[in-house]
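>
Residue numbers (the working numbering), protein chains in the order written: chain P, 46 to 453; chain C, 46 to 453.
#1: Just tell me which of 124(C), 245(C), 57(C) and 346(C) has its CA closest to the CA of residue 283(C).
#2: Figure out for me which residue from 417(C), 421(C), 405(C) and 370(C) has the closest Cα to the Cα of residue 396(C).
#3: Report the rounded CA-to-CA distance for residue 391(P) versus residue 52(C), giving the unit in angstroms.
#4: Taking 8 Å as the cut-off, does the segment 265-274 of chain C touch the segment 220-235 of chain C (at least 3 CB pairs, one atom from each stretch)?
#5: Taking all protein chains shown into account, do 16 or more other C-beta atoms lie within 10 angstroms of the C-beta of residue 257(P), making it buried, or fewer, making it exposed?
#6: Pick helix, strand or coil for residue 60(C), following the three-state DSSP scheme.
#7: Counting along the chain, where does the alpha helix (DSSP H) carrying residue 505(P) start and finish?
#8: Which residue or residues does DSSP assign as beta-bridge partners of residue 395(C)?
#9: Identify whether residue 355(C) lies in helix, strand or coil by the three-state DSSP scheme.
#10: Can you name the residues that DSSP bridges to residue 403(P)?
#11: From which residue to which residue does the beta strand (DSSP E) around residue 325(C) run?
#12: Report, in whole angstroms, the separation of the C-beta atoms of residue 83(P) and residue 117(P), which I expect to be a contact under 8 Å.
#13: Does DSSP classify residue 424(P) as helix, strand or coil?
#14: In terms of alpha-carbon separation, which member of 265(P), 210(P) and 260(P) lies closest to residue 238(P)?
#15: Measure from the C-beta of residue 334(C) to each C-beta in chain P and report whether the shortest distance is under 9 Å.
#16: If you drop the 5 nearest sequence neighbours on each side, which residues of the same chain put their C-beta closer than 7 Å to that of residue 304(P)?
#17: Within the 9 Å Cβ cut-off, does residue 319(P) reach chain C?
#18: Going straight from the alpha carbon of residue 200(C) to that of residue 281(C), what length do you get?
#19: Show which residues of chain C have a CB atom less than 8 Å away from the CB atom of residue 272(P).
#20: What beta strand (DSSP E) runs, 3 residues minimum, are completely inside the segment 130-218 of chain C?
#21: What do you get for residue 98(C), buried or exposed, if any count of 16 or more other CB atoms within 10 angstroms of its CB means buried?
#22: So does the segment 216-231 of chain P actually touch the segment 159-169 of chain P, counting three or more Cβ pairs closer than 8 Å?
#23: Using a Cβ-Cβ distance under 9 Å, would residue 47(P) count as near chain C?
#24: Quick one: list the residues of chain P neighbouring residue 218(C), beta-carbon separation under 8 Å, in chain order.
#25: Indicate whether at least one CB of chain C lies closer than 9 Å to the CB of residue 253(P).
#26: Please confirm if residue 415(C) has its CB atom under 9 Å from at least one CB of chain P.
#27: Using the beta-carbon of each residue, which ones in chain C are nearer than 7 Å to residue 370(P)?
#28: What are the boundary residues of the alpha helix (DSSP H) that residue 78(C) is part of?
#29: Determine, using beta carbons only, whether residue 359(P) and residue 300(P) come nearer to each other than 9 Å.
#30: Since I believe residue 436(P) is in contact with residue 115(P) (beta carbons under 8 Å), could you give me their beta-carbon distance rounded to a whole number of angstroms?
#31: Have a look at residue 414(P) and residue 285(C) and give me their C-alpha separation to the nearest angstrom.
#32: So residue 363(C) is in the beta strand (DSSP E); what residue range does that whole segment cover?
#33: Can you name the residues of chain P whose CB is closer than 9 Å to the CB of residue 194(C)?
#34: For residue 393(P), tell me which candidate among 252(C), 183(C), 356(C) and 374(C) has the shortest Cα-Cα distance.
#35: At a Cβ threshold of 9 Å, is residue 149(P) touching chain C?
#36: Comparing the C-beta of residue 412(C) with each C-beta of chain P, is any distance below 9 Å?
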C-alpha cells in the first residue's frame with residue numbers, strides 16, 4: 046500500500062513535544078518531513094529520559110522517520126537557505142510547522158511573500174505569543190485540583206503531557222485541512238495554535254467550565270472514582286490493583302452478575318429507593334457500590350479478575366508500571382503498535398508506530414536520524430546547490446553534516 | 046474567510062468522547078458533519094456533567110455544530126438509509142467515522158461495495174475489537190503509577206480523558222490523510238484506530254517504555270516534580286499554589302535572578318560540585334532547589350508571583366479550579382477560544398471554539414442541535430426522498446424528528 050501522505054513534503058522547525066510529535070505523525074503517515082535543526086544539534090538531543098549511557102530516549106522516540114537538515118539560523122545565509130526550503134515550489138510542498146522558537150527566524154508575512162500559498166502552522170505557548178509548556182498549563186484549567194486524592198492538600202499534576210499530545214495532533218489536522226483548502230482554491234493558510242488554548246478548549250468542550258458556572262460550584266474531588274458513572278480501582282489478592290468501569294446498563298448488569306452481588310444490590314435498591322441501572326444513580330452511590338464489590342476483588346488475583354471479566358462487557362484495566370508493559374511486550378502479549386526500531390548511533394529501541402492502521406495493517410516506521418543526516422540531500426535535491434556550494438556552507442559552519450546526538 | 050473544510054460532508058456514528066470530538070472538530074473547521082443518532086436520542090444525551098435541571102453539558106459541549114439525523118438502525122430500512130447517507134456520491138462526501146457501537150450496523154466491506162472510494166475511520170477500544178474506555182486504558186500504560194504522590198499507596202488515575210482526546214484528534218488526521226490520498230489516486234481507505242493503541246504508542250513515543258527496559262527499572266515517583274528538568278509547585282502567601290518550571294538554561298537563570306538566589310545557588314554548586322545550568326543536574330537536585338526557592342514564593346501572593354514572572358522567561362502556572370477559570374473568563378481575562386454558545390433547548394453555555402486560528406482569527410462555532418433536527422434535510426437533500434416518503438418513515442418511527450435532549 047502507498048502510505049497515505051506519500052509524496053508530501055513538510056518542513057518542520059520545532060522542539061519539545063508538540064511540534065516534534067506533529068512532524069513524526071506526518072512522517073509515520075508517509076510524508077517526507079525535514080526538521081531544521083541547529084548545526085550544534087537540537088536542544089532536545091539531551092532531553093530526559095536518557096538511556097544508561099546518557100543518550101536521549103525522548104529524542105530518539107519523537108524523531109523517528111524525520112529527516113534532519115542542520116542550518117545555522119543565526120546567520121543570514123543559513124536563514125535564507127531555511128526560507129528557501131520552506132517556500133520551495135511544488136503542489137506537495139509549501140507546508141511548514143514551527144513553534145515559538147521558530148518565530149525568531151520565520152516571520153509568516155515574509156514567508157508568504159515568497160510563497161503565497163504556503164500552509165503554515167505556528168505552535169505557540171499562549172495565544173499572545175508567550176512561552177508555555179504542558180506542565181505549567183495543565184494546572185490553569187482545573188485538572189490537578191480535581192485529580193488530587195481527597196486526603197491530599199496538594200493538587201496532583203499528572204505526569205502525562207496530554208496537552209502537548211493534543212496540540213501536536215491538532216497541528217497535523219490543521220496542516221491537512223489547510224492543504225485541502227489549497228488544493229481546492231489555491232489559497233495559503235496562516236494557522237496559529239496555542240497549547241494554552243488547546244487545554245482551555247478541551248476542558249470547555251467536555252462541559253467542565255459550564256458545569257462549574259451553571260451549578261455554582263466545582264465538581265467534587267473523587268479520588269479514583271470516575272465522574273458521573275461507576276468506575277474505581279480495587280485491590281486484588283496478589284496486591285495488584287485493577288480499575289473496573291461500568292458506564293452502560295449492560296456493563297453494570299454484567300459487573301453485578303460476575304461478582305455475584307445481584308441480591309445485595311437488589312436489596313440496596315429497595316432500601317435506598319434507587320435504580321442502579323441509571324448511571325447517575327451509580328455515581329451517587331459509588332462508595333456503597335465500591336464497598337459491596339471490594340471483597341470479590343480482594344479474593345482474586347488480578348489475573349483471575351481480568352480472566353473473569355473477559356466473558357463480560359465490564360471494562361477492567363490493570364495498573365501497570367512501564368516495566369510491566371515492557372515485560373508483557375517481550376512475552377508477546379502487547380499490541381503490534383509497539384515495535385523495536387533500529388536507529389543509527391544507538392541500539393534498537395522499544396517504541397511505536399502510528400496507531401492509525403490502514404487496510405488492517407500498521408504502517409512501518411523507521412528510526413531517528415542523526416542531526417544533519419539530510420543536509421546534503423535537501424540542499425542538493427530541493428535547492429539545487431552544487432557539492433562545491435554545499436561544501437563551502439559546511440566549511441563556514443552554516444550547514445551542518447551528520448552528528449549523532451551526544452552522550453552527556 | 047471560507048472555513049478550511051467548507052463543502053466537505055462527513056457522516057459520523059459514534060458516542061462517548063473520541064468519536065464525537067472528531068466529528069465536532071471537523072465541524073468546527075467548516076465541514077458539514079451529520080451524526081446518525083438513534084430515534085430515541087443518543088446514549089450521550091444524559092451523560093454527566095449535567096446542568097442544574099439535569100440536561101447534559103457533556104452532550105451540549107461535544108455536539109456543537111454537528112447535524113443530527115435520527116434513524117432506527119435496528120430496522121433494515123433504517124440501516125439502508127444510513128448506508129445510503131454514508132456512501133452517497135460526491136468528491137466531497139464518502140467520508141465516515143464510526144466506533145465500536147457503529148460496528149454492529151456498518152460493515153466496512155459492505156460499505157466499500159457500495160462506494161469503493163469511501164474513506165472510513167473506525168474507532169475502537171482495543172485493536173482486537175473489544176470495548177475499552179479512557180479511564181480503564183490509562184492505568185495499563187503506567188501513568189497513574191507514576192502520577193501518584195510519594196506518600197500514597199494507591200495509584201492516581203488523572204481525571205482528564207487524555208487518550209480519548211488524542212484518539213479523536215488522530216481520527217481527524219486519519220480522515221484528512223485518507224481524503225488526500227483519494228484526491229490523488231482515487232483510492233478509498235479503511236482506517237482503524239484503537240484507544241488502547243493510542244495510549245501505548247504515545248507512551249512509547251515519549252520514551253517511557255525504552256527507559257524502563259534499558260535502565261532496568263521504572264522512573265521514580267516524583268510527586269509534582271517534573272521529570273528530567275526543574276518544575277514543581279509552591280505554596281504562596283495567600284494559600285494559593287503555583288507551579289514554576291525552568292527547562293532551558295535561560296529559564297533557570299531567570300528563575301534564580303527573580304528569586305534573588307544567585308549567591309545561594311553559586312555556593313551550592315561549589316559545595317556539590319555540580320553545574321545547575323544543566324537540566325539533568327537541576328532534576329537531580331530538585332529537592333534542594335525547591336527548598337531554596339520556597340521562601341520566596343511563601344512571602345508573596347500568587348498574583349505577585351505571576352506578576353514578577355512576567356518580566357522573565359520562567360514559566361509559572363497558577364493552580365485553578367474550573368470555577369476560578371469561569372470567574373476569570375467573566376472578568377474578560379481568558380483567551381478568546383472560550384465563548385458563550387447558544388443552543389436550542391437550553392440557555393447559552395460557556396464552551397469553546399476550535400483552538401486552531403486561521404488568519405489570526407478563531408473560527409465561529411454554533412451550538413448543539415436537538416436530536417433529529419436534520420433528518421428531513423438529509424433524507425430530502427442528500428437522498429432525494431419526497432416529503433411523503435419521509436413522512437411515512439417518521440410514522441413508522443424509522444426516521445426521527447426533532448427532540449431536545451431530555452431532562453433527567
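Yeah, the Cβ is synthetic: ideal placement off N, Cα and C, and Gly gets one too.
Since the model is a prediction, treat every value here as computed from it, not as a measurement.
Based on what the coordinates show:
#1: Start at 1 with the first residue of the second chain, and residue 283(C) comes out as number 238. For residue 283(C), the nearest C-alpha among the options comes from 346(C).
#2: Translated into positions along the second chain, residue 396(C) becomes position 351. Considering only alpha carbons, the answer is 370(C).
#3: What you label residue 391(P) is simply residue 346 of the first chain in a count that begins at 1. What you label residue 52(C) is simply residue 7 of the second chain in a count that begins at 1. Cα to Cα, the separation comes out at about 48 Å.
#4: no
#5: Residue mapping note: residue 257(P) aligns to position 212 of the first chain, counting from 1. Residue 257(P) is buried by the Cβ-count criterion.
#6: By one-based count along the second chain, residue 60(C) stands at place 15. Three-state result, residue 60(C): coil.
#7: Any question about residue 505(P) goes unanswered here, given that chain P covers just 46 to 453.
#8: Position 350 of the second chain holds residue 395(C). Partner(s): 385(C).
#9: Counted from its first residue, the second chain places residue 355(C) at position 310. In the structure shown, residue 355(C) sits in a helix (DSSP, three-state: H, G or I).
#10: Within the first chain, the letter at position 358 stands for residue 403(P). Answer by DSSP bridge pairing, in chain order: 406(P) and 236(C).
#11: Along the second chain, one-based indexing puts residue 325(C) at 280. Segment 324-329 is the alpha helix (DSSP H) holding residue 325(C); no beta strand (DSSP E) there.
#12: Counting from one through the first chain, the residue named residue 83(P) turns up at place 38. Counting from one through the first chain, the residue named residue 117(P) turns up at place 72. 7 Å between Cβ atoms; contact.
#13: Residue mapping note: residue 424(P) aligns to position 379 of the first chain, counting from 1. Looking at residue 424(P) - three-state DSSP - the assignment turns out to be helix.
#14: What you label residue 238(P) is simply residue 193 of the first chain in a count that begins at 1. The option with the nearest alpha carbon to residue 238(P) is 210(P).
#15: Taking the second chain and counting its residues from 1, one reaches residue 334(C) at position 289. No, residue 334(C) does not count as interfacial toward chain P.
#16: In the first chain, the residue the question calls residue 304(P) occupies position 259. 338 and 341.
#17: What you label residue 319(P) is simply residue 274 of the first chain in a count that begins at 1. Chain C, which has no Cβ nearer than 9 Å to the Cβ of residue 319(P), makes this no.
#18: Position 155 of the second chain, counted from the first residue, corresponds to residue 200(C). Position 236 of the second chain, counted from the first residue, corresponds to residue 281(C). Rounded to whole angstroms, residue 200(C) to residue 281(C) spans 27 Å at the Cα level.
#19: Residue mapping note: residue 272(P) aligns to position 227 of the first chain, counting from 1. Result: 93, 94 and 204.
#20: 140-144 and 164-169
#21: If you number the second chain from 1, residue 98(C) lands on position 53. Counting Cβ neighbours within 10 Å, residue 98(C) comes out exposed, since fewer than 16 surround it.
#22: yes
#23: Against the first chain, residue 47(P) aligns to sequence position 2. It does; some Cβ of chain C falls within 9 Å.
#24: Taking the second chain and counting its residues from 1, one reaches residue 218(C) at position 173. Those are 70, 74, 214, 217, 218, 221 and 401, listed as they occur along chain P.
#25: For the purposes of this step, residue 253(P) is taken as the residue at position 208 of the first chain. So, interface residue.
#26: Start at 1 with the first residue of the second chain, and residue 415(C) comes out as number 370. It does not; no Cβ of chain P falls within 9 Å.
#27: For the purposes of this step, residue 370(P) is taken as residue 325 along the first chain, with counting starting at 1. Here the neighbours are 186, 187 and 254.
#28: If you number the second chain from 1, residue 78(C) lands on position 33. Looking at the DSSP string, residue 78(C) is not in any alpha helix (DSSP H); the run it does join, the beta strand (DSSP E), is 77-82.
#29: Against the first chain, residue 359(P) aligns to sequence position 314. Against the first chain, residue 300(P) aligns to sequence position 255. Contact: yes.
#30: Against the first chain, residue 115(P) aligns to sequence position 70. Against the first chain, residue 436(P) aligns to sequence position 391. The pair is not a contact, with the Cβ atoms about 15 Å apart (cut-off 8 Å).
#31: Translated into positions along the first chain, residue 414(P) becomes position 369. Translated into positions along the second chain, residue 285(C) becomes position 240. Looking at the two C-alpha atoms, the distance is approximately 45 Å.
#32: Locating residue 363(C) in the second chain gives position 318, where the first residue counts as 1. 360-363 is the extent of the beta strand (DSSP E) around residue 363(C).
#33: The residue given as residue 194(C) occupies position 149 in the second chain. The answer, in chain order, is 193, 194, 197, 199 and 201.
#34: What you label residue 393(P) is simply residue 348 of the first chain in a count that begins at 1. Residue 393(P) has its Cα closest to that of 252(C), out of 252(C), 183(C), 356(C) and 374(C).
#35: As a working note, residue 149(P) is residue 104 in the first chain. Not one chain C Cβ lies under 9 Å of residue 149(P).
#36: Start at 1 with the first residue of the second chain, and residue 412(C) comes out as number 367. Residue 412(C) does not count as touching chain P.
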